[in-house]
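Everything on this sheet refers to the single structure shown next.
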Ligand SMILES: Cc1cc2nc3c(=O)[nH]c(=O)nc-3n(C[C@H](O)[C@H](O)[C@H](O)COP(=O)(O)O)c2cc1C
Ligand SMILES: Cc1cc2nc3c(=O)[nH]c(=O)nc-3n(C[C@H](O)[C@H](O)[C@H](O)COP(=O)(O)O)c2cc1C
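Protein chains in written order, with the UniProt record's numbering: chain W, 1 to 450; chain X, 1 to 450.
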């Protein structure tokens, strides 16, 4: 099984200052041509899939400098991800198409239907990244006064995933004979209503779409809490994980794989992709130069706003070149990212300026920087030491960063026998080495139970 | 202003028996290649737009013969329409892309965002057909025990449309300078939160998408009740209307146009498209032969099920070649279509067989059949006599029916100066002769009010 490589398909890079770089696209906001070009670069590199994170709100309006300059996770000029991937399905042939959709503020019917549709349109390349919504403010766009409480979000997510999979299994794979001679378009014995009635949802079904080519589009998940990890072990095919060190990543990897047995799953049936920003140059010195150039494009006011956002603490009061303050006791970010940033800054005795510069290239998690050989070394190490099954790669600036990754790092990985030279199969599941799930409504067992 | 011609873009024809015809596509269920081909045919004909009706449920499971054979409005092998149109945006350049989405079982945020996204992806060709959901059973897929009551559906629809438009107006057209030199990606003075708090919804906004290229994607509506017509007069740019006779169509046309004044709108600002199935041949005899061939492909059991469905009355008990029974007093279909079918069958003293054959080609409404000249005559008459501003054309069998329409009828309309030879503009609004709406949040008036 080769290493899996996914591309962050946001047509703006992960570095806060990237869009100002001379090599960056000139008008990146909601620009379909850029998205097409980025997709083609990923497919030329034979990367596994395009991945789109998502949220349903405009953030940072309370942080004027960052808001005006935009931050990588919060750009308001983005496409709705399924709409975008459906368009990209028509200009690509092999690359997988994975979009984020929340279970907290959407309906299982709509999600099942949209991803089934994308899977049919793309010939089996769709994936759904199930999230419970990280930005509390999104709630205000869906007639809620506050974010649904965490426990309730996950409870709803479990039920939601169960329904979506049940709807995908509404029809047997051969339910549509479309036989002109007999006049039988569909076979009424090969459809099942779902009749789900649970705590959060009642969904009758069946879905108004044939079973997706992949059976189920590939399911991604990303939560790193206990419940989040259980959700992945129960329902996900892939996990998007973010850890800043190989040691922590190995612990998470083992933890996730160990949880599978409880659900009767083999360790191979869940792939773990580690989020990483890659800054690669022809030489290590060039990589460092690219990195410095980008950092210099971020004025201190924007850097401080970004640091405030990531740590969950207002940082503008502290002297830029003074020591990073001890914030223990203060509220820090929702997923422990803030805590990790603070710990690292204190440990390495950074100044406030150094601290914000250290987080500019990547929203969170890991940064691999250097020559192609150095980057490939790090990737190989993480992969061989079971810190991950592959990577979710973000380029600091697009398209050049992704082009450089494909031109410099991918061939080096191939030379080492770590990455494919041709797509293995027709569907995203084929390429990821994931089995096509049996239909729960029409498997031999289901039939026996009738 | 030339006649508007929209194409029903469902990649299965409107005739119940169509998919069995030798010229029909072999595997039409969820077939993206067919959808692409149909879109290209429409664009070659320089038709205004592709239109996709929609519903969120599988129907007719209680009518086994019709279910196995499928009916044109109820095919379960269809794509989610926005996903499909986003894909079609990439293989077309000019044709408009109009998808149906319900206000009863979706969220204004999602709808605003998806159509904004489609408008950006397509360069200003998106349209939203606002419906309140005609199939009561759809409710069961959205945690409801029964369809939301009619009055409540419309009340929700009015509020929903208001919110969607407000979200589209979240940003001024020039809110994203993306100025590399100053580091100003967006202009914080050019965004407004919506802060809508109404009876059915609370939506804070702003939308996380720049203002759509068209300002607002074109809004379609279809209801023909008093409230439905008011909704169109208040919120729609186009109405999809179905009337079986020119007299009734003229009354509806005048009624709709007359309602506009109350909302300060000019008669030109609302376009009325009349639904019509067109069966055209090189000669009238050929058209009749096509029509008979198609009717013969529908076995009586399927025809009776279809008649039952359309009239809302179980018809299988009546002798096929006996007189059509007087059903007055029985419950008939939801939008008066059933009543019209019954009235016509009695008036023309049809047998039951004749009655079902009379409705097979078109779900409802009108049928223009004959040579190119005869069909063009009818279209010209409806258009000139203010029965409509144009047509929503369904082909009985695809792709041949749509090809024949484009090859035979469209040139005849051009010869008469009734239809375009080139697309007039860049956006769907341009082609339909509809103005780009002012931004309510940033118009001169809005500014003065600050
Ligand atoms: C690597 C990673 C990527 C994520 N991507 C998204 C995203 O795109 N949209 C979103 O709303 N939440 C995203 N989340 C948030 C998760 O869905 C979840 O809400 C959050 O991690 C809190 O759950 P937890 O405590 O189980 O980690 C992401 C989380 C992680 C760790
Ligand atoms: C021409 C026409 C097309 C329609 N298309 C749809 C559709 O695609 N999906 C849907 O759910 N309802 C559709 N409807 C139903 C309307 O949205 C509405 O629910 C129905 O007409 C009842 O409202 P009314 O009494 O105001 O006509 C359509 C109605 C008409 C007249």
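Yeah, the Cβ is synthetic: ideal placement off N, Cα and C, and Gly gets one too.
> Using 8 angstroms as the Cβ pair cut-off and three pairs as the minimum, do the segment 216 to 235 of chain W and the segment 352 to 372 of chain W touch?
Replying inline: Two segments are said to touch when three or more pairs of C-beta atoms, one from each, lie closer than 8 angstroms; by this definition the segment 216 to 235 of chain W does not touch the segment 352 to 372 of chain W.
>> Counting C-beta neighbours from all protein chains within 10 Å, is the total for residue 251 of chain W 16 or more, i.e. buried, or is it exposed?
In response: Exposed: under 16 other Cβ atoms inside 10 Å.
>> With three or more C-beta pairs closer than 8 angstroms as the rule, is the segment 255 to 266 of chain W touching the segment 132 to 150 of chain X?
In response: Of all C-beta pairs linking the segment 132 to 150 of chain X to the segment 255 to 266 of chain W, fewer than three are shorter than 8 angstroms, placing the two stretches out of contact.
>> So residue 19 of chain X contacts chain W; which residues on that side make the cut at Cβ distance below 8 angstroms?
In response: Those are 178, 180 and 185, listed as they occur along chain W.
>> In the DSSP assignment, the beta strand (DSSP E) including residue 166 of chain W goes from what residue to what residue?
In response: First-last for residue 166 of chain W: 150 to 168, but that is the alpha helix (DSSP H), not the beta strand (DSSP E).
>> Tell me which residue opens and which closes the alpha helix (DSSP H) that residue 474 of chain W is part of.
In response: Residue 474 of chain W is absent from the model: chain W starts at 1 and stops at 450.
>> Residues of chain W with CB closer than 8 angstroms to the CB of residue 10 of chain X, please, in chain order.
In response: None at all; the shortest Cβ gap to chain W is about 13 angstroms.
> In terms of residue numbering, what span does the beta strand (DSSP E) encompassing residue 366 of chain W cover?
Replying inline: Going by DSSP, residue 366 of chain W is part of the beta strand (DSSP E) stretching over 366 to 371.
>> To the nearest angstrom, how far is the alpha carbon of residue 218 of chain X from that of residue 237 of chain X?
In response: The straight-line gap from Cα to Cα measures roughly 6 angstroms.
>> So for residue 25 of chain X, helix, strand or coil by DSSP?
In response: Coil at residue 25 of chain X, not helix or strand.
> Is residue 421 of chain X near ligand 2, going by C-beta to nearest heavy atom under 7 angstroms?
Replying inline: Within 7 angstroms of the C-beta of residue 421 of chain X there is not a single heavy atom belonging to ligand 2.
>> Can you list, in chain order, the residues of its chain with a C-beta nearer than 8 angstroms to that of residue 177 of chain W? Leave out the 5 residues immediately preceding and following it.
In response: Answer for residue 177 of chain W: 184, 185, 186 and 187, listed in chain order.
> What residue does the beta strand (DSSP E) around residue 121 of chain X start on, and which one ends it?
Replying inline: Looking at the DSSP string, residue 121 of chain X is not in any beta strand (DSSP E); the run it does join, the alpha helix (DSSP H), is 108 to 121.
> Near residue 439 of chain W, which residues of its chain fall below 8 angstroms by C-beta distance, leaving aside the five closest residues on each side in sequence?
Replying inline: Contacts found: 169, 172, 173, 211, 215 and 446.
> If residue 401 of chain W and residue 13 of chain W are in contact, beta carbons under 8 angstroms, what's the gap, nearest whole angstrom?
Replying inline: That belief holds up - the Cβ atoms of residue 401 of chain W and residue 13 of chain W are roughly 6 angstroms apart, short of 8 angstroms.
> Between which two residues does the alpha helix (DSSP H) harbouring residue 273 of chain X extend?
Replying inline: For residue 273 of chain X, no alpha helix (DSSP H) run applies; the uninterrupted beta strand (DSSP E) run containing it begins and ends at 271 to 281, by DSSP.
>> Using a Cβ-Cβ cutoff of less than 6 angstroms, which residues in the same chain neighbour residue 164 of chain W once the five nearest sequence positions on both sides are dropped?
In response: The residues 108, 111 and 112, in chain order, have a CB closer than 6 angstroms to that of residue 164 of chain W in the same chain once the five nearest residues on each side in sequence are set aside.
> At a CB-CB cut-off below 7 angstroms, which residues of chain X make contact with residue 79 of chain W?
Replying inline: The answer, in chain order, is 117, 120 and 121.
> I think residue 98 of chain X touches residue 129 of chain X, with their Cβ atoms under 8 angstroms apart; what is that distance to the nearest whole Å?
Replying inline: Contact flag correct, Cβ pair sits at about 6 angstroms.
>> Pop quiz: residue 306 of chain X and residue 359 of chain X are said to be a contact at Cβ under 8 angstroms. What is the actual Cβ separation, rounded to whole angstroms?
In response: 7 angstroms between Cβ atoms; contact.
> For residue 399 of chain W, is the classification buried or exposed, using 16 other Cβ atoms within 10 angstroms of its Cβ as the cut-off for buried?
Replying inline: Buried.
>> Measuring straight from C-alpha to C-alpha, what distance separates residue 278 of chain W and residue 284 of chain W?
In response: Their Cα atoms are separated by approximately 12 angstroms.
> Could one say the Cβ of residue 32 of chain X lies closer than 8 angstroms to chain W's Cβ atoms, at least one of them?
Replying inline: Judged by the 8 angstroms Cβ criterion, residue 32 of chain X is in contact with chain W.
> Taking the alpha-carbon positions, what's the residue 6 of chain W to residue 235 of chain W distance?
Replying inline: Those two C-alpha atoms are separated by around 20 angstroms.
> Listed in chain order, which residues of the segment 38 to 56 of chain X have Cβ atoms closer than 8 angstroms to some Cβ of chain W?
Replying inline: Only those residues of the segment 38 to 56 of chain X whose C-beta falls short of 8 angstroms from the nearest C-beta of chain W are listed: 55 and 56.
> So, residue 61 of chain X versus residue 240 of chain X, is the Cβ gap smaller than 8 angstroms?
Replying inline: It is not a contact, given that the beta carbons lie outside the stated cut-off.
>> Tell me which residue opens and which closes the alpha helix (DSSP H) that residue 346 of chain X is part of.
In response: Counting along the chain, the unbroken alpha helix (DSSP H) around residue 346 of chain X starts and ends at 337 to 347.
> Rounded to a whole number of angstroms, what is the C-alpha to C-alpha distance between residue 69 of chain X and residue 302 of chain X?
Replying inline: In a straight line, the C-alpha of residue 69 of chain X is about 7 angstroms away from that of residue 302 of chain X.
> Quick one: any contact between the segment 84 to 92 of chain X and the segment 27 to 41 of chain X, if contact means 3 or more CB pairs under 8 angstroms?
Replying inline: Between the segment 84 to 92 of chain X and the segment 27 to 41 of chain X there are three or more inter-stretch CB-CB distances shorter than 8 angstroms, so the stretches are counted as touching.
> Can you list the residues of chain W that residue 67 of chain X reaches, using a CB-CB cut of under 7 angstroms?
Replying inline: Under a criterion of Cβ atoms nearer than 7 angstroms, the residues of chain W adjacent to residue 67 of chain X are, in order, 188.
>> Starting from residue 221 of chain X, trace the beta strand (DSSP E) in both directions and tell me its first and last residue.
In response: It spans 218 to 221 - the beta strand (DSSP E) in which residue 221 of chain X sits, taken as one unbroken run.
>> Classify residue 378 of chain W: buried if its beta carbon has 16 or more other beta carbons within 10 angstroms, exposed otherwise.
In response: Under this definition residue 378 of chain W is a buried residue.
>> DSSP has residue 240 of chain W in a bridge; who is on the other side?
In response: The partner list for residue 240 of chain W (beta bridge, DSSP) reads W:273.
> Are the C-beta of residue 106 of chain X and some C-beta of chain W separated by less than 8 angstroms?
Replying inline: It does; some Cβ of chain W falls within 8 angstroms.
>> Please return the same chain residues whose Cβ sits closer than 6 angstroms to the Cβ of residue 115 of chain X, not counting the five positions on each side in sequence.
In response: Scanning its chain for C-beta atoms nearer than 6 angstroms, with the 5 sequence neighbours on each side dropped, one finds around residue 115 of chain X the residues 126, 128 and 217, in chain order.
>> Is residue 102 of chain X close to ligand 2? I mean its beta-carbon at under 7 angstroms from any heavy atom of the ligand.
In response: Residue 102 of chain X: yes, Cβ under 7 angstroms from ligand 2.
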